[in-house]
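These notes concern the structure reproduced below.
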Amino acid sequence: MFLGNEMITVENNKLKIDGFDVSELAEQHGTPLYVMSESQIVKNFTRYTEAFKEYSEKTGKEFIVSYAYKANSNLAVLKILTNLGCGADVVSGGELYTAKMVSVDSSKIVFNGNCKLEEEIIMGIETNIRAFNVDSISELELINEVAGKLGKVANVAFRINPNVNPKTHPKISTGLKSNKFGLDVEAGIALKAIKMAKEMKNVKIVGIHCHIGSQLTDISPFVEETKKVMDFVVSLKEQGIKIEDVNIGGGLGVPYDKNTEIPVQKDLANAVINTMLEYADKVELPNLIIEPGRSLVATAGVLLGKVHHIKETPSAKWIMIDAGMNDMMRPAIYEAYHEITPCTIRDEKEVVNIAGGLCESSDVFGKERELPKIEVKDTIAILDVGAYGISMANNYNARGISKMILTSEDGAYTIRERETYADLLSKDIIPPKYL
Ligand SMILES: Cc1ncc(COP(=O)(O)O)c(C=O)c1O
Numbered sequence: 009m010f011l012g013n014e015m016i017t018v019e020n021n022k023l024k025i026d027g028f029d030v031s032e033l034a035e036q037h038g039t040p041l042y043v044m045s046e047s048q049i050v051k052n053f054t055r056y057t058e059a060f061k062e063y064s065e066k067t068g069k070e071f072i073v074s075y076a077y078k079a080n081s082n083l084a085v086l087k088i089l090t091n092l093g094c095g096a097d098v099v100s101g102g103e104l105y106t107a108k109m110v111s112v113d114s115s116k117i118v119f120n121g122n123c124k125l126e127e128e129i130i131m132g133i134e135t136n137i138r139a140f141n142v143d144s145i146s147e148l149e150l151i152n153e154v155a156g157k158l159g160k161v162a163n164v165a166f167r168i169n170p171n172v173n174p175k176t177h178p179k180i181s182t183g184l185k186s187n188k189f190g191l192d193v194e195a196g197i198a199l200k201a202i203k204m205a206k207e208m209k210n211v212k213i214v215g216i217h218c219h220i221g222s223q224l225t226d227i228s229p230f231v232e233e234t235k236k237v238m239d240f241v242v243s244l245k246e247q248g249i250k251i252e253d254v255n256i257g258g259g260l261g262v263p264y265d266k267n268t269e270i271p272v273q274k275d276l277a278n279a280v281i282n283t284m285l286e287y288a289d290k291v292e293l294p295n296l297i298i299e300p301g302r303s304l305v306a307t308a309g310v311l312l313g314k315v316h317h318i319k320e321t322p323s324a325k326w327i328m329i330d331a332g333m334n335d336m337m338r339p340a341i342y343e344a345y346h347e348i349t350p351c352t353i354r355d356e357k358e359v360v361n362i363a364g365g366l367c368e369s370s371d372v373f374g375k376e377r378e379l380p381k382i383e384v385k386d387t388i389a390i391l392d393v394g395a396y397g398i399s400m401a402n403n404y405n406a407r408g409i410s411k412m413i414l415t416s417e418d419g420a421y422t423i424r425e426r427e428t429y430a431d432l433l434s435k436d437i438i439p440p441k442y443l
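Residue numbers for the sequence shown follow the working numbering, so the first one is 9 and each next one is one higher.
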């Protein structure tokens, strides 16, 4: 019934997460409420390590998963992943600070982003991270300069722009020529940067990085990407430059639409490993890094909202819930589809629209959904919100960021407190002359 959400069951017409009655969790903790499932996070991560272990077995090289913190950087979620041996893909000083807080092995931390700040570079060098994924020549020069001032040598990988169509939503495509990311290979900019780095005293060339987009539901762009990266690695070898790490980014999609099966970790691993092995006689194969976000945590998260009002307009029946686009922006900004279900599953069905309470017409979670009949005070669950849900949440309409709990084998834990009205105002200052 819920493809990809193995933690969800329906028992006696009641939705359960890891065995916990969802309506009862909502009653106990209040709504809106994010629920993350430990068991699902562990399954999603283990599927990567299991699927890719063949790479290490066949090549003797490392395989590393560096989780993209931007997807969901709650400390408990990160600690679960860190304890499983997961690394970190960070894109800011804040995310690096967070990775240090959960004691991620620094040799598994990579630093992404297209506008790295001097203070972030200092932090990265002092943390001894595996690599800065350099996005421009200007960044390379700054990293070399900062490392020089610190008397250190910084590890750098080069984020190439391979011009591969990821066949995903245009707003989450990143590896096309028209996107802002990376060093263009075809125009020779990537090679120019690497040659410059070779002459620099305070950087060490360690890798090639690439990320072509998010929510990829087709494996062929990954194969095309891997080939382009490896062709480039071979061409560098011919110039006497050895690449130790290849990072193919994140991007594996999740089944938001429960009627459509999409590729999973094993499919990705088979395709990538086979492609890499095709290069075994041309170059010493590198360590392999991937930095998934969505596919590790999306399916593990559910957003609960309580129905406060139901109204009929000439065009639709509207279910008004207390979760809104400030809690989860994806439908509003990407027109993203998320499965929605009431937590009490009645036999009678009806077609409804589900909306939040913010003053925006785009604050709608689903339109024309045929769902079991919903009544006021019911709890509604929006599925697959564990990635890019709370990490994109905001205080629009002066609404606090919601509480988050974690269901685990031995209980349900609060892993983020609900923001209060006082929290909302805690950073504002009225100059004394207005008082
Ligand atoms: C550089 C980079 N790496 C990894 C990711 C994670 O992607 P996903 O959540 O689709 O796995 C992103 C997301 O946009 C990214 O920009």
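We put the beta carbon where it would ideally sit given N, CA and C, even for glycine. Keep in mind it's a predicted model, so treat the numbers as computed, not measured.
At least one heavy atom of ligand 1 sits closer than 6 Å to the Cβ of GLU299. One thing to note: GLN223 has its Cβ within 7 Å of the Cβ of GLY261.
Remark: the C-beta of ALA76 is in contact range of ligand 1, defined as less than 6 Å to any heavy atom.
At the C-beta level, LEU191 and ILE168 come within 7 Å of one another. Taking the Cα positions, LEU199 is about 7 Å away from VAL193.
If only complete runs of 4 or more residues are kept, the region 213 to 286 shows the alpha helix (DSSP H) at 228 to 246, 273 to 285, in order along the chain.
When the Cα atoms are used, ALA331 and ARG377 turn out to be separated by approximately 17 Å. Between the beta-carbon of MET328 and that of HIS316 there is about 6 Å, and that keeps the pair under the 8 Å contact cut. Taking 6 Å as the cut-off, one finds at least one heavy atom of ligand 1 near enough to the beta carbon of ASN120. Judged by DSSP secondary structure, PHE166 falls within the beta strand (DSSP E) whose first and last residues are 162 to 169.
In the displayed model, PHE71 falls within a strand according to three-state DSSP.
Your pair TYR75 and GLY309 does not check out as a contact, with CB atoms roughly 14 Å apart and the cut at 8 Å. Distance check between LYS206 and each of LEU125, VAL172, LYS250 places LYS250 closest, using alpha-carbon atoms only. Assignment of PHE189 by DSSP, reduced to helix, strand and coil, places it in the coil class.
Taken from the Cβ of ARG302, at least one heavy atom of ligand 1 lies inside 6 Å. For the region 56 to 136, the full-length alpha helix (DSSP H) segments reaching 4 residues or more read 83 to 91, 101 to 109, 126 to 135 along the chain.
For CYS123, the number of other beta carbons within 10 angstroms of its own is below 16, and it is reported as exposed.
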